[in-house]
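First the structure, in the form of structure tokens, and then the observations on it.
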Amino acid sequence: MPQPSDMQPSLLTPKRRIRRTLRASSFRFALLYAVLFALSYLVLGQVTYWIATAALEDQTRSAIEQEASAMHNRYLVEGRAALIGDLAEEGTAASGFKLYTLLTDAKGAVVEGNVDIAAPQTGWHNYPLPLKEAEGTEDYDEHMLTALGQQLEDGSLLLIGFDRYPILESQEAIVSAFLWSGGIMLLLAVSGGAFLGIRSLRRIDEFNRSLHLVMQGHLETRLKLAGAGDEMDELAQGVNATLERVGHLMESVKQVSSGIAHDLRTPLSRLRQRLETAAHRSQTPDEYKSAIEEALSQIDIILSTFVALLRIAQIEAGGRKQKFGTISLSQICSTVIEAYGASIEEEGRHLIANIAPDIEVQGDRDLLFQLLANLVENALRHTPAGSPIALTLSRDADGIRLMMEDKGPGIPASERENVLTRFYRLETSRTSPGSGLGLSLVKAVADLHEAGLVLEDAAPGLRVTLRWPASRSP
Numbered sequence: 006m007p008q009p010s011d012m013q014p015s016l017l018t019p020k021r022r023i024r025r026t027l028r029a030s031s032f033r034f035a036l037l038y039a040v041l042f043a044l045s046y047l048v049l050g051q052v053t054y055w056i057a058t059a060a061l062e063d064q065t066r067s068a069i070e071q072e073a074s075a076m077h078n079r080y081l082v083e084g085r086a087a088l089i090g091d092l093a094e095e096g097t098a099a100s101g102f103k104l105y106t107l108l109t110d111a112k113g114a115v116v117e118g119n120v121d122i123a124a125p126q127t128g129w130h131n132y133p134l135p136l137k138e139a140e141g142t143e144d145y146d147e148h149m150l151t152a153l154g155q156q157l158e159d160g161s162l163l164l165i166g167f168d169r170y171p172i173l174e175s176q177e178a179i180v181s182a183f184l185w186s187g188g189i190m191l192l193l194a195v196s197g198g199a200f201l202g203i204r205s206l207r208r209i210d211e212f213n214r215s216l217h218l219v220m221q222g223h224l225e226t227r228l229k230l231a232g233a234g235d236e237m238d239e240l241a242q243g244v245n246a247t248l249e250r251v252g253h254l255m256e257s258v259k260q261v262s263s264g265i266a267h268d269l270r271t272p273l274s275r276l277r278q279r280l281e282t283a284a285h286r287s288q289t290p291d292e293y294k295s296a297i298e299e300a301l302s303q304i305d306i307i308l309s310t311f312v313a314l315l316r317i318a319q320i321e322a323g324g325r326k327q328k329f330g331t332i333s334l335s336q337i338c339s340t341v342i343e344a345y346g347a348s349i350e351e352e353g354r355h356l357i358a359n360i361a362p363d364i365e366v367q368g369d370r371d372l373l374f375q376l377l378a379n380l381v382e383n384a385l386r387h388t389p390a391g392s393p394i395a396l397t398l399s400r401d402a403d404g405i406r407l408m409m410e411d412k413g414p415g416i417p418a419s420e421r422e423n424v425l426t427r428f429y430r431l432e433t434s435r436t437s438p439g440s441g442l443g444l445s446l447v448k449a450v451a452d453l454h455e456a457g458l459v460l461e462d463a464a465p466g467l468r469v470t471l472r473w474p475a476s477r478s479p
């Protein structure tokens, strides 16, 4: 496994840089596409070669047939003497190519022509074409005669043909063009792959440098975005979101550790004091019983704090999403009102409920019940006797809104973000029971359900609003 130092590009030798470039996925993809393109190009070249050759062959044979037909018609109309005269004078076909002709009598003796063929035959044949001007050159063997032989009425044989060398030249030109263009395109593809490989490795090197800083403890480091909106930017955004989450979790761990040290120190100290008193000063069974009961009370406070912490951790881990289903938020609100209605009335307060029917969301019933219960208990704890508590559930064009409002002292605007963190308590609440985990649990449940949570001034009092966007509603 590569060590952290291996991630640093400055430690790479030129040889290793080349090896990294050749192993880069972008270079390999470019090379693979280049190979596939080359194979496709070869198939295209072969097909083009066949089609072009067939077209040239057809064109050559068509021209020969036209010349042979014209000669034959001249023979039929004007006789053999006229044909011999034409053969003696004709040296170029109508197509512009040099015309090769041969006329033999019925016994095979040459009568007229500009080419010497030892054994001419009727039909289409290729014959060696001896050209004195081509002797001694490398193209000498490439001169072949494509000719059509036809038997005349007097038994003589007329041979008309063209040199195949232009066809061979065209074939060589096609092959040469495809080889050169294919080689150039393959070179460009490989060069482009190397460029892309080096470019992607530079981005990866930048990522590695940033991640190396994170490994050294600089959690505020983030990967740079090129602004191209490509897959590397998407990767950087994903990693940055992960680092943001890790940083948040690390900060939460620090906050929890500090909160535990601060808020559990007092009950643990009291527990130790009660036990120490019971051990050294208690003499009667009633004194021992009283000390044990006080110790159990302190232990219950400590255990409830840890249970709340574990519940928040479980919620933030997202495991409860597996239990999500369509639930009636209206029914949950009614259940909370029924459960806490008597306690609210006994404490001299009154509850104002405005619950719209048949409102459903995707979520966990128990967690949403706990969220509402925490809000009610928070309002009961921090509002004076006789003050109202309002619970409203409604739906509008923007989505679903759940609102809890009281007439207590409220929370200053500068503290509203802080009270949503673990163990944070306002100075005015330090003397009242509680661990500072109620609103942080509300925040965790709201985030799990992707509901916006807003704390506002109710003038006077506190208004807590949760909103599910219309797109999240069933």
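Residue numbering for the sequence shown follows the working numbering, beginning at 6 and increasing consecutively.
Beta carbons: idealized from backbone N, C-alpha and C, even for Gly.
Cβ-Cβ distance between Glu72 and Ile165 below 8 angstroms: yes
Short Cβ contact (8 angstroms threshold) for Leu191 with Ala43: yes
Meets three-Cβ-pair contact criterion under 8 angstroms: the stretch 212-223 and the stretch 182-189: no
Is the distance from the Cβ of Ser333 to the Cβ of Ala361 below 8 angstroms? no
Should the stretch 458-477 be called in touch with the stretch 401-418, which here means at least 3 C-beta pairs below 8 angstroms? yes
Put Gln155 into one of helix, strand or coil per three-state DSSP. strand
Among all the DSSP beta bridges, which residues are the ones paired with Leu467? Asp462
Using the Cβ count rule (16 or more neighbours within 10 Å means buried), how would you classify Met255? exposed
Is the distance from the Cβ of Glu352 to the Cβ of Ala378 below 8 angstroms? no
Please classify Trp473 as buried or exposed, where buried requires at least 16 neighbouring CB atoms within 10 angstroms. buried
Starting from Gln367 and walking both ways along the alpha helix (DSSP H), at which residues does that stretch end? Unbroken run through Gln367 is the beta strand (DSSP E), Glu365 to Gly368; no alpha helix (DSSP H).
Determine the direct distance from the alpha carbon of Ala384 to that of Ala395, and round the result to whole angstroms. 10 angstroms
Counting C-beta neighbours from all protein chains within 10 Å, is the total for Gly108 16 or more, i.e. buried, or is it exposed? Here residue 108 is Leu; the residue named in the question, Gly, does not match the sequence. Leu108 is buried by the Cβ-count criterion.
So for Asp238, helix, strand or coil by DSSP? helix
Would you mind listing the alpha helix (DSSP H) stretches within the stretch 351-412 that are 4+ residues and don't spill past its ends, in chain order? 370-387
Under 8 angstroms, do Gly160 and Thr127 count as touching if we go by C-beta distance? no
Kindly indicate which three-state DSSP category Leu228 falls into: helix, strand or coil? coil
Coil, strand or helix - Asn131 by DSSP: strand
Quick check: the Cα distance between Leu92 and Lys112, rounded to an integer number of angstroms? 19 angstroms
Assuming Ser333 is part of the alpha helix (DSSP H), what are its boundary residues? Not the alpha helix (DSSP H): Ser333 falls in the beta strand (DSSP E), residues Gly330 to Ser333.
If the criterion is Cβ atoms closer than 8 angstroms, does the pair Ile364 and Leu356 meet it? no
Range covered by the beta strand (DSSP E) that runs through Gly166: Leu162 to Asp168
What is the DSSP secondary structure of Thr426, counted as helix, strand or coil? coil
Are Arg275 and Ala296 closer than 8 angstroms when you measure CB to CB? no
Where Ala60 and Arg66 are concerned, what is the direct C-alpha to C-alpha distance, given to the nearest angstrom? 10 angstroms
Taking all protein chains shown into account, do 16 or more other C-beta atoms lie within 10 angstroms of the C-beta of Ser45, making it buried, or fewer, making it exposed? exposed
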